[in-house]
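Undergrad: Heads up: the sequence shown begins at 0 in numbering that gives the first Met the number 0, then just goes up one per residue.
All C-beta atoms, glycine included, are put in the ideal place defined by N, C-alpha and C.
Can you read through this structure? Questions will come right after.
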Amino acid sequence: MSYPQPLTAEEKLADAKKHLSLPRIVVICGSTRFMTEMTEADLRETKAGKIVVKPGCDMKSPHELWSDPVEAEALKVRLDDLHRAKIRLADEVLVVGDYIGDSTRAEIAYARSLGKPVRFTHPEVDPDA
Numbered sequence: 000m001s002y003p004q005p006l007t008a009e010e011k012l013a014d015a016k017k018h019l020s021l022p023r024i025v026v027i028c029g030s031t032r033f034m035t036e037m038t039e040a041d042l043r044e045t046k047a048g049k050i051v052v053k054p055g056c057d058m059k060s061p062h063e064l065w066s067d068p069v070e071a072e073a074l075k076v077r078l079d080d081l082h083r084a085k086i087r088l089a090d091e092v093l094v095v096g097d098y099i100g101d102s103t104r105a106e107i108a109y110a111r112s113l114g115k116p117v118r119f120t121h122p123e124v125d126p127d128a
């Protein structure tokens, strides 16, 4: 007699989303130099009926929260962890912009390692194309 395998955390999350009738969740990734484009992508994805999550901070712009270099470095690590959590939560990834830096490249690789579909506003920058 065989017993059903327990659900993985990912399967439990997918099941919960289905039971809650949640729309698809898209996470926006890309360099924060494209914050204006991210806001536009957010509008378009929201209009299409999706829940959108995206970077909440642009650390390239001056702000008192990251004016101290030591605190800024610690914050960057926490924000990177937070963004990976957003990727795990999302059903799909949208990469915004015509440039892919190291952080975005790592996010794309992470999303793909989880089996998340990845779309690009500029498909020519797909590192795996």
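#1: Would you tell me roughly how many angstroms separate the C-alpha atoms of P61 and V124, rounded to the nearest one?
#2: Measure the alpha-carbon distance for T45 versus K53 and round it to whole angstroms.
#3: Report back the beta-carbon spacing between C56 and T103 to the nearest angstrom; my notes put them in contact at under 8 Å.
#4: Give a single yes or no on whether A15 has its beta carbon closer than 7 Å to a heavy atom of the ligand FMN.
#5: Taking the straight line between their C-alpha atoms, what separation do you get for D129 and R118?
#6: Checking the sheet assignment: what are the DSSP bridge partners for I27?
#7: So what does DSSP say about I50, is it helix, strand or coil?
#8: Any contact between the segment 26–43 and the segment 1–11? By contact I mean 3 or more CB pairs, one from each, below 8 Å.
#9: Assuming A110 and V92 form a contact by the criterion Cβ under 8 Å, report the distance between their Cβ atoms to the nearest whole angstrom.
#10: Using a beta-carbon distance below 8 Å, is A73 in contact with chain C?
#11: Check whether the Cβ atoms of K85 and V26 sit closer than 8 Å, and answer yes or no.
TA: Taking the coordinates as given:
#1: Here the question's residue 61 lines up with position 62 in the sequence shown. Here the question's residue 124 lines up with position 125 in the sequence shown. About 28 Å.
#2: Translated into the one-based positions of the sequence shown, residue 45 becomes position 46. Translated into the one-based positions of the sequence shown, residue 53 becomes position 54. One C-alpha to the other measures close to 12 Å.
#3: The residue given as residue 56 occupies position 57 in the sequence shown. The residue given as residue 103 occupies position 104 in the sequence shown. With a Cβ gap of about 15 Å, C56 and T103 do not count as contacting.
#4: For the ligand FMN, the structure offers nothing, since it holds no ligand at all.
#5: The displayed coordinates of the chain run from 0 to 128. Any statement about residue 129 would go beyond what the structure contains.
#6: By one-based count along the sequence shown, residue 27 stands at place 28. DSSP lists L93 as partners of I27.
#7: By one-based count along the sequence shown, residue 50 stands at place 51. In this structure, I50 counts as strand in the three-state DSSP scheme.
#8: no
#9: Along the sequence shown, read from residue 1 onward, the residue named residue 110 stands at position 111. Along the sequence shown, read from residue 1 onward, the residue named residue 92 stands at position 93. Confirmed, Cβ separation roughly 4 Å.
#10: Absent from the structure is chain C; it holds one protein chain and no more.
#11: Sequence index remark: in the sequence shown, residue 85 carries index 86 (1-based). Sequence index remark: in the sequence shown, residue 26 carries index 27 (1-based). For K85 and V26, yes; Cβs fall inside 8 Å.
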